[in-house]
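Participant: The structure is given below, and queries will be raised subsequently.
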Amino acid sequence: MSLFASKGELKSLHHDTVKILGNYLPLSVCDEIIKRFELIEKNANYSYRWSDALESNTRLWCFEKEIKELLPHFEVDRWIRASDAYTGRDTQSWCLMANRIISKENNLGSGGGLHRDSPFSHQIKFIWYLNDVNGFNGAFQYLPGTHTDIWWSRKLFPLGEHRFPNVETPNGMKEVHAKAGTLLICDKKCIHRGKPLQNGIRYILFMIAKV
Ligand SMILES: [Fe+2]
1 MSLFASKGEL KSLHHDTVKI LGNYLPLSVC DEIIKRFELI EKNANYSYRW
51 SDALESNTRL WCFEKEIKEL LPHFEVDRWI RASDAYTGRD TQSWCLMANR
101 IISKENNLGS GGGLHRDSPF SHQIKFIWYL NDVNGFNGAF QYLPGTHTDI
151 WWSRKLFPLG EHRFPNVETP NGMKEVHAKA GTLLICDKKC IHRGKPLQNG
201 IRYILFMIAK V
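Numbering (this note's numbering), first residue to last: 1 to 211.
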């Protein structure tokens, strides 16, 4: 059982669902991370690689080990503190996951369609865009307010469920178009997905805090 505190630096998420900080990472850092992603993902000995059947979506877990000297740019301690104040729970561990998604026919987008990461409790995810993201190359989409289970979302998205493969894209979805280096912070109890790509490529770095 958790007590939702909704305090601290990220308390505005309770009302706003997401927070967007532009120009957070220098472009040189974004480019360096992309360069390392491309090197590491070709390394057959890297144990923490996952890809979907289409090889559209590739994830490299434990990426913090690959960018040790760049970690101060991410202010991990600051955001863990803010996450704990918001959720009311203590983070036990965290990791960085680098993600590349390429436009291929029938790609589902990052996340594999509309879902909640966490159907019962509030959970924050930190997402750094490493290249420019627009309406065509996998923008993050979310349905504002659905993290607080307001009454109108319950019919389409029943409480306690976390995947909604049969729901058409609902009205009111917002999508985040932003430049490389932008930090997007989101309460992933909300309904969200990465928009399926029509063209191009998207690189992102996620920070996931485990409680
Ligand atoms: Fe998700």
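C-beta atoms are modelled at their ideal positions from N, C-alpha and C, and glycine is treated no differently.
As the structure is a prediction and not an experimental result, all values here were calculated from the model.
Buried or exposed: where does R59 fall if 16 or more other Cβ atoms within 10 Å of its Cβ makes it buried?
Facilitator: buried
Participant: For G145, which residues from the same chain have a beta carbon less than 8 Å from its beta carbon, with the 5 sequence-adjacent residues on both sides left out?
Facilitator: Only T17, S153, C190 meet the Cβ criterion.
Participant: Quickly, what does DSSP pair I124 with across the bridge? List them, please.
Facilitator: D187
Participant: I need the DSSP call for W61, collapsed to helix, strand or coil.
Facilitator: Coil at W61, not helix or strand.
Participant: Inspect the beta-carbon positions of L130 and I33 and report whether they are closer than 8 Å.
Facilitator: Yes. Within cutoff.
Participant: Put S93 into one of helix, strand or coil per three-state DSSP.
Facilitator: strand
Participant: So does H192 have its beta carbon nearer than 7 Å to some heavy atom of ligand 1?
Facilitator: Within 7 Å of the C-beta of H192 there is at least one heavy atom belonging to ligand 1.
Participant: Between the alpha carbons of I201 and L25, how many angstroms are there, rounded?
Facilitator: 19 Å
Participant: Between the segment 92-102 and the segment 157-171, do three or more beta carbon pairs fall short of 8 Å?
Facilitator: no
Participant: When you compare each of M173, R89, S121 to T148 by their alpha carbons, which one comes out closest?
Facilitator: S121
Participant: If contacts are defined as beta-carbon pairs under 8 Å, then G111 and G194 qualify, I think. What distance do you get, rounded to the angstrom?
Facilitator: About 5 Å separates the two Cβ atoms, so the contact holds.
Participant: Between the alpha carbons of H14 and Q198, how many angstroms are there, rounded?
Facilitator: 32 Å
Participant: Could you check what DSSP says for E66 in three-state terms: helix, strand or coil?
Facilitator: helix
Participant: I'd like to know whether the C-beta atoms of N174 and I124 end up nearer to each other than 8 Å.
Facilitator: Here residue 174 turns out to be Lys, not Asn, going by the sequence shown. It is not a contact, given that the beta carbons lie outside the stated cut-off.
Participant: Would you say V211 and R89 are within 8 Å of each other, going by their C-beta atoms?
Facilitator: Cβ atoms of V211 and R89: closer than 8 Å.
Participant: Please classify A44 as buried or exposed, where buried requires at least 16 other C-beta atoms within 10 Å of its C-beta.
Facilitator: Exposed is the call here.
Participant: Run the Cβ filter for me: residues under 5 Å from any heavy atom of ligand 1, listed in the order they occur in the chain.
Facilitator: G111, D117
Participant: Just curious, the beta strand (DSSP E) that Y142 is in, first and last residue?
Facilitator: 140-142
Participant: Roughly how many angstroms lie between the CA atoms of I204 and N166, to the nearest whole one?
Facilitator: 27 Å
Participant: Strictly by DSSP, which residues pair up with G88?
Facilitator: According to DSSP, G88 bridges with nothing at all.
Participant: For Q141, count neighbouring C-beta atoms within 10 Å of its own C-beta (all shown protein chains included) and say buried if the count is 16 or more, exposed if not.
Facilitator: buried
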